[in-house]
Amino acid sequence: MQPSRDIERLLEIMRALRTPKTGCAWDLAQDFKSIAPYAIEEACEVVDAIEREDFIDLRDELGDLLLQVVFHAQMGRESGLFDFGAVVEAVTAKMIRRHPHVFGEPSQRTPEAVEGAWAEIKAQEKAEKAAARRAAGLPEQARQGHLADIPVALPALTRAVKLQEKASKVGFDWNDARLVLAKIREECDEVEEALDRGDMAHVAHEVGDVLFAVANLARHAKTDPDAALRGCNAKFERRFLYIEQELDRQGRILGEVPLAEMDALWDEAKERERQASPSLQTAKISLSNRATALRDAEKTPKTGAR
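Counting from 1 along the sequence shown, just add 674 to a position and that's the residue number in this note's numbering.
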């Protein structure tokens, strides 16, 4: 079986992997729940490639994420629930339905019409989904209320922002980012009080409040808190590696060096990054140029191929 740009080839490969007796034992052992974590993992790797601006990796990671869709679709087909075509049909129907200003009549394309239609479209979708669940013999969704459609399985920071955004649409929101800063200070004071009491269970509760308030601040600052934290994680990892490498160069052992000396090396790493920032931008441009060259090479007809 040869690689192909045709989605049907990927579907054929997945069917082969899931064929009893001749397929892959690992793939055959999976079900919807067992592979669900891989969809989250692959989505995170897509985001990581984007953050690194590594477009070669991004192409491959998008393929891995698509494979998760194909895997679930194949299991749905085997169970008689749905197939890949039904998945495509559902999302295309949703895109057409949600964009009457693009695919509808000219009268539907004004900003006023778009804004007015959105709530009606969402309500219609909700009613249709409820009817489909009843027809399939499925119970009504247990979670109710204005925030019920925000998935529980989302990463906590992402879900916090989505909860806040939806509450904001009905007026439950701060109107100034500085008020959110004041709330963060208030929550930090409550953490300190819980620490003073030695009440660690309450500390955990208050730390959650601090994180929720910080996510709210990021939202008001139009910053993705998860992306901001990923950037901070990468920065911490990079600077800590510098400490390790410098200590190793000096023949010293990590863990046996005073904190003050490690702090000094941390400051060195920080200063080196500040001075090197123009070269970092050059590296990003170079990476982008390499990705463009790769795409152009793929478009060029190859001669002498067998």
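Beta carbons are placed, not taken as given, at the ideal position from N, Cα and C, and that holds for glycine.
Candidates the options: closest to residue i by CA position
{"i": "D847", "options": "A713, N890, I681 and L933", "result": "N890"}
{"i": "R772", "options": "G754, E794 and V761", "result": "E794"}
{"i": "A830", "options": "S842, G882, D870 and D823", "result": "G882"}
{"i": "D705", "options": "V744, E727 and H894", "result": "V744"}
{"i": "E947", "options": "A908, A934, L933 and R926", "result": "A908"}
{"i": "D680", "options": "E727, G737 and M874", "result": "G737"}
{"i": "A895", "options": "I730, V720 and R852", "result": "R852"}
{"i": "L755", "options": "V720, A767, P774 and R807", "result": "R807"}
{"i": "R859", "options": "M874, E911 and V884", "result": "V884"}
{"i": "K796", "options": "A809, I770, V721 and S678", "result": "I770"}
{"i": "C718", "options": "A703, V761, A950 and L739", "result": "L739"}
{"i": "A827", "options": "A856, K707 and T696", "result": "K707"}
Contacting residues, own chain, Cβ-Cβ under 8 Å from residue i (five flanking each side not counted)
{"i": "V931", "result": "L921"}
{"i": "I917", "result": "L928, M936, L939, W940 and A943"}
{"i": "A902", "result": "A892"}
{"i": "Q742", "result": "I709, Y712, A713 and E716"}
{"i": "G905", "result": "E725"}
{"i": "R913", "result": "W940, A943, K944 and E947"}
6 Å CB neighbourhood of residue i in its chain, flanking five on each side removed
{"i": "R751", "result": "D757"}
{"i": "D701", "result": "L691 and R692"}
{"i": "C698", "result": "L691"}
{"i": "A723", "result": "D731, L732 and E735"}
{"i": "K857", "result": "A887"}
Residue i - DSSP class collapsed to helix/strand/coil
{"i": "T693", "result": "coil"}
{"i": "V998", "result": "Because the chain in this structure spans residues 675 to 980, residue 998 falls outside the shown range and cannot be described."}
{"i": "K896", "result": "coil"}
{"i": "E752", "result": "helix"}
{"i": "C718", "result": "helix"}
{"i": "G882", "result": "helix"}
{"i": "Q742", "result": "helix"}
{"i": "R679", "result": "coil"}
{"i": "W848", "result": "coil"}
{"i": "K796", "result": "helix"}
{"i": "H820", "result": "coil"}
{"i": "G811", "result": "coil"}
{"i": "R926", "result": "coil"}
{"i": "P829", "result": "coil"}
{"i": "A703", "result": "coil"}
{"i": "V761", "result": "helix"}
{"i": "P711", "result": "helix"}
{"i": "C906", "result": "helix"}
{"i": "G872", "result": "coil"}
{"i": "E727", "result": "coil"}
{"i": "L684", "result": "helix"}
{"i": "C862", "result": "helix"}
{"i": "P931", "result": "One point to set straight first is that residue 931 is Val, not Pro, in the sequence displayed. Coil."}
{"i": "K843", "result": "coil"}
{"i": "A957", "result": "Summary for A957: the model assigns pLDDT 48, below 50, so the residue's position carries little reliability, and this model does not support an answer."}
Outcome for residue i when other beta-carbon atoms lying within 10 angstroms are tallied against a minimum of 16
{"i": "A887", "result": "buried"}
{"i": "E861", "result": "buried"}
{"i": "A834", "result": "buried"}
{"i": "D863", "result": "exposed"}
{"i": "V776", "result": "exposed"}
{"i": "E779", "result": "exposed"}
{"i": "V854", "result": "buried"}
{"i": "P1001", "result": "Only positions 675 to 980 of the chain appear in the structure, and residue 1001 is not among them; the question remains open."}
{"i": "Q676", "result": "exposed"}
{"i": "M688", "result": "buried"}
{"i": "E735", "result": "buried"}
{"i": "E880", "result": "buried"}
Own chain partners of residue i with C-beta closer than 7 Å, once the 5 adjacent residues on each side are dropped
{"i": "H820", "result": "K840 and V844"}
{"i": "E682", "result": "none"}
{"i": "L837", "result": "L821 and I824"}
{"i": "H876", "result": "A868"}
{"i": "L684", "result": "V744"}
Check: residue i C-beta below 7 Å from any heavy atom of the ligand SAH
{"i": "E814", "result": "The ligand SAH is absent from the structure shown, which contains no ligand whatsoever."}
- Hey, is the region 676–694 in contact with the region 737–752, meaning 3+ C-beta pairs nearer than 8 Å? yes
- Is there contact here, the region 796–805 with the region 862–875, by at least three beta-carbon pairs under 8 Å? no
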